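Read the structure below first, then the notes.
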Amino acid sequence: MGAIAITGSGSGIGAATRELMESQAVDVIGIDIQMRRLKLI
């Protein structure tokens, strides 16, 4: 599909949006101030 950058992707709405986009085969660049919230894929 394409690629998208999501800020706040470690929790809340950002995480939900990241999960939705990943389920739709979109490449996601996750950005969050708390690096420990991000998971490596």
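Per our numbering: the sequence shown = residues -10 to 30.
Even glycine gets a Cβ: it sits at the ideal position worked out from N, Cα and C.
Since we're looking at a predicted model, the values are computed, not measured.
The Cβ atoms of SER(-2) and ASP16 lie no closer than 9 Å to each other. Judged by DSSP secondary structure, GLY3 falls outside any beta strand (DSSP E) and instead within the alpha helix (DSSP H) spanning 1 to 12. THR6 places its beta carbon 9 Å or farther from that of ILE18. Within the model, the alpha-carbon separation for GLN23 versus SER0 is close to 10 Å.
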